[in-house]
Every structure is written in C-alpha cells, then in structure tokens.
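Undergrad:
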Amino acid sequence: MTVSGRTAMLAKHAGVPMADSTCSEGISPATFVARRRVLVLATGGITLTSALASRLGLGSPGDHAPAHRGVPAHHAVPAHHAVPAHRGGPAHRGGPAHRGGPADAGRSYPLDRPLYYINGTSKAIALTIDDGPDPVYTPQVLRLLRQYNVTATFSMIGIHVAAYPHLARAVAEAGHRIANHTWTHADLAGRPAHRVHSELARASHAIHAATGVDPGLFRAPYGAWSAAVIKQCEHMRMVPLDWSVDPRDWAQPGVRSIVRNIMADTGAGSIILEHDGGGNRSQTVAALRIVLPRLLHEGYHFETP
Ligand SMILES: [Zn+2]
Numbered sequence: 150m151t152v153s154g155r156t157a158m159l160a161k162h163a164g165v166p167m168a169d170s171t172c173s174e175g176i177s178p179a180t181f182v183a184r185r186r187v188l189v190l191a192t193g194g195i196t197l198t199s200a201l202a203s204r205l206g207l208g209s210p211g212d213h214a215p216a217h218r219g220v221p222a223h224h225a226v227p228a229h230h231a232v233p234a235h236r237g238g239p240a241h242r243g244g245p246a247h248r249g250g251p252a253d254a255g256r257s258y259p260l261d262r263p264l265y266y267i268n269g270t271s272k273a274i275a276l277t278i279d280d281g282p283d284p285v286y287t288p289q290v291l292r293l294l295r296q297y298n299v300t301a302t303f304s305m306i307g308i309h310v311a312a313y314p315h316l317a318r319a320v321a322e323a324g325h326r327i328a329n330h331t332w333t334h335a336d337l338a339g340r341p342a343h344r345v346h347s348e349l350a351r352a353s354h355a356i357h358a359a360t361g362v363d364p365g366l367f368r369a370p371y372g373a374w375s376a377a378v379i380k381q382c383e384h385m386r387m388v389p390l391d392w393s394v395d396p397r398d399w400a401q402p403g404v405r406s407i408v409r410n411i412m413a414d415t416g417a418g419s420i421i422l423e424h425d426g427g428g429n430r431s432q433t434v435a436a437l438r439i440v441l442p443r444l445l446h447e448g449y450h451f452e453t454p
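If you're matching positions, the sequence shown starts at 150 in the numbering used here and goes up one per residue.
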C-alpha cells in the first residue's frame, strides 16, 4: 500500500472508538504516516528515512509493497538455524533477561529491526492473527486452521490472555506461535522506556503463565516502532514482527475486499495481517475460509517467523 493510500484509509476511519480499535486504527493519519516513514534503530539511535531503509534492505515502513514486486527483506539471513516452532522443545536463545523461562523458537531473525518478510522458499508465507484471544472468534479461526493444516502466529494482548488463559493455551497446544502484542494494546511510540518495559513484560508474563512459554516475537500495536520499543525487544529476546500484507480486515471492508487484497498482495515471504479480536471479526473468518484453500492451491505453505 502506498503511504497516501494508507493516509486516506486512516482518515476514513479516524475517530473509531478505542474499544473497537485494532492494529491500524485510533491514531491520527499524519502521526501514523510520520511514524511509519521513519525507522528508528535502537543501536546508536540512528534514524533512517524510509528511502535509506529501503536501500539497506530493511523494508520500507509504511509502503508495505506486495512481496512479489520487491525483494523480500531478510532473505539474506541464513535459515540454517531454523527450528520448527513448538517441536524442538524449549530453546534458550540467550534467555530473557527478565525471566528464566523457556522461550519459543523460530528462525533466526535480527532483534534490532522490524521484520516485514519471512525467510524460506519462494512459497513460504506467514499468517498472523492479532488482538485476541477472543472467546467468539479465536475458536473459529483455530477450527479453520486445523481444517487446512495451517500453522499461524497469534499476536495476543496481555489483558485478554489473562482473561482467557485457556484460549491462549489452546492456541499454543495446536502448534501455533504466540507473539507479545503488549499488555493493553498501547501505542508505544513516544512512550518512555519504563512504560514500554511494563507493557511488554506484563504481556510476556501473562503468556508465560497461560502457556509456559516466553514469546520470542513482539508485534507493536499500530506498527508503531520506536528506539525504546526495539531496545526492549532486544532485552527480552523478541523479534520485532511487522507485516507486509494488510487487507484491513479490522475495518470490515467486506469479505470480497479482504480476499481480493490478500490474493493480490501475497508473494514470497509475505507476512499477512488479520485479526481475531478487537471487534466483529466474522468477515475475517469468512475471508480466511476462502483464502486458505486458495493460497494452498497456489502452492503457498504457511510458516511461523
Ligand atoms: Zn493490534
């Protein structure tokens, strides 16, 4: 999506109450675009414009170009460290500094920059499902994933995990990966380090309490990355997880729109963003029922980051 497209989309949906807000809502268009255009790296506080970030192969925050039109970032990272999620047993990746529990293991990705594409074959893609767990929609999504033998990543909000620990456990036990999505779905850009720490640590604690596993992935609400967020991800050994395909299912644009967007934009290494929490997600479930078999038919296979 172009920056201007995202701006228009955000302007259209400005003013949506926070209670129904999800990854891309509840933030002023100008602020959002500014954030997405500037990638702040924790190391040395280097600020890269999106153009420079593109040249460095970091992906271009905000433009989320379909993968098939560009070279997926991070494909240069060797995949020989790959460990199937939830199958290799507890794998310490240096151990989270805040706690000694087992971390879940995935491929080896840098901790100091957002991840927009996964490694793997040209047909490897990742499905991410945000803002749950939700008592209505998470079980529906789990049933679909089981039906099509698809493994996904669920970005969970800590307070929801604390409210529905059995759902978080069901997701983990089904072999899916769980990403930390903050304690309250807070917009962390511009927040001080202690607030960032609190939001991430409380969420990881809730996920650990429910599943016995420390998340090895962190997805920033609204895609709002900052130096403090990246630094906390490094500290807690979590890969900053962004996305490259956003069908805007949170805005309930219609099942056909969601399906069309996913099928048009998905390519090598795509990380697809969907939602099972934050509002009525019946369109998302209906769209998944259509796109999962279509993507599999096109030869794609789903992996976790
Ligand atoms: Zn979210």
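Where a beta carbon is used, it is the ideal one built from N, C-alpha and C, also for glycine. On a predicted model such as this, the values are computed, not experimentally measured, just so you know.
From Lys272, His315 and His330, pick the residue whose C-alpha is nearest to that of Cys382; which is it?
TA: Checked all of Lys272, His315 and His330; the closest Cα to Cys382 is His330.
Undergrad: Pro389 bridges to which residues according to DSSP?
TA: Bridge partners of Pro389: Phe367.
Undergrad: Which residue from Gln289, Tyr297 and Ala359 puts its Cα closest to that of Ala312?
TA: Minimum Cα distance to Ala312 is reached at Ala359.
Undergrad: May I ask you to report which of helix, strand or coil DSSP gives Arg377?
TA: Reading off the sequence, residue 377 comes out as Ala, not Arg. In this structure, Ala377 counts as helix in the three-state DSSP scheme.
Undergrad: Rounded to the nearest angstrom, how far is the Cβ of Ile421 from that of Ala275, given a contact under 8 Å?
TA: Yes, Ile421 and Ala275 are in contact; Cβ-Cβ is about 7 Å, under 8 Å.
Undergrad: Which of the three DSSP states is assigned to Tyr286 in this structure?
TA: Helix.
Undergrad: Looking at the structure shown, is Asp261 part of a helix, part of a strand, or coil, going by DSSP?
TA: It is coil, neither helix nor strand.
Undergrad: How should His132 be labelled, buried or exposed, when 16 other C-beta atoms within 10 angstroms of its C-beta is the threshold for buried?
TA: Nothing can be reported for residue 132: it is not among the residues displayed for the chain, which extend from 150 to 454.
Undergrad: I'd like to confirm the pairing. Which residues does DSSP put opposite Glu423 in its beta bridges?
TA: Answer is Ile278, bridged to Glu423.
Undergrad: Closer than 6 Å by C-beta to Pro396: which residues in its own chain qualify, once you throw out the five before and the five after it? Chain order, please.
TA: Closer than 6 Å at Cβ, skipping near neighbours: Ile407, Asn410 and Ile411.
Undergrad: Going by C-alpha distance, which of Gly427, His357 and Trp374 is nearest Asp391?
TA: When only C-alpha atoms are compared, the closest one is Trp374.
Undergrad: Under the assumption that Gly448 contacts Asp280 (Cβ atoms under 8 Å), give the Cβ distance between them as a whole number of angstroms.
TA: Actually they are not in contact, since the Cβ atoms of Gly448 and Asp280 sit about 30 Å apart, beyond 8 Å.
Undergrad: Ala338 by DSSP, collapsed to three states: which one?
TA: DSSP places Ala338 in coil when its eight states are reduced to three.
Undergrad: Taking Arg318 as part of the alpha helix (DSSP H), name the residues at either end of that continuous run.
TA: Where Arg318 is concerned, the enclosing alpha helix (DSSP H) stretches over Pro314 to Glu322.
Undergrad: Where do the ends of the beta strand (DSSP E) carrying Asn329 lie?
TA: Looking at the DSSP string, the run of the beta strand (DSSP E) that includes Asn329 is Arg326 to Asn329.
Undergrad: Per DSSP, which residues does Thr270 bridge with? Please list them.
TA: Its beta-bridge partners do not exist; DSSP assigns none.
Undergrad: For Ala377 and Arg340, which I take to be in contact (beta-carbon distance under 8 Å), what is that distance rounded to the nearest angstrom?
TA: Contact holds; Cβ gap of about 7 Å.
Undergrad: Answer yes or no: the CB of Gly403 versus the heavy atoms of ligand 1, is any distance below 8 Å?
TA: Gly403 Cβ: outside cutoff for every heavy atom of ligand 1.
Undergrad: Sort Arg405, Met387 and His346 by Cα distance to Arg262 and report the nearest one.
TA: Arg262 has its Cα closest to that of Met387, out of Arg405, Met387 and His346.
Undergrad: State the Cα-Cα distance for the pair Pro314 and Gly361, rounded to the nearest angstrom.
TA: Pro314 and Gly361: Cα-Cα distance of roughly 11 Å.
Undergrad: Between the Cα of Tyr258 and the Cα atoms of Trp332, Gly372 and Gly365, which residue gives the shortest distance?
TA: Among Trp332, Gly372 and Gly365, the Cα nearest to that of Tyr258 is on Gly365.
Undergrad: Please indicate yes or no: does the CB of His334 lie closer than 8 Å to some heavy atom of ligand 1?
TA: Yes, Cβ of His334 sits closer than 8 Å to a heavy atom of ligand 1.
Undergrad: Closest to His384 by CA distance: which of Ile439, His346, Asp414 and His354 is it?
TA: The shortest Cα separation from His384 among Ile439, His346, Asp414 and His354 belongs to His346.
Undergrad: Is Thr453 near Tyr286, with beta carbons less than 9 Å apart?
TA: No, these two residues do not count as a Cβ contact at 9 Å.
Undergrad: Considering Cα atoms alone, identify which of Pro288, Arg256 and Arg405 is closest to Phe303.
TA: Nearest option by C-alpha distance: Pro288.
Undergrad: I think Leu441 touches Tyr297, with their Cβ atoms under 8 Å apart; what is that distance to the nearest whole Å?
TA: Rounded, the Cβ-Cβ distance is 4 Å, consistent with contact.
Undergrad: Count the other CB atoms, across all protein chains shown, that sit within 10 Å of the CB of Glu348; report buried if there are 16 or more and exposed otherwise.
TA: So Glu348 ends up on the buried side.
Undergrad: Grouping DSSP H, G and I as helix and E and B as strand, with all else coil, what is Thr300?
TA: Of the three classes helix, strand and coil, the one that applies to Thr300 here is coil, per DSSP.
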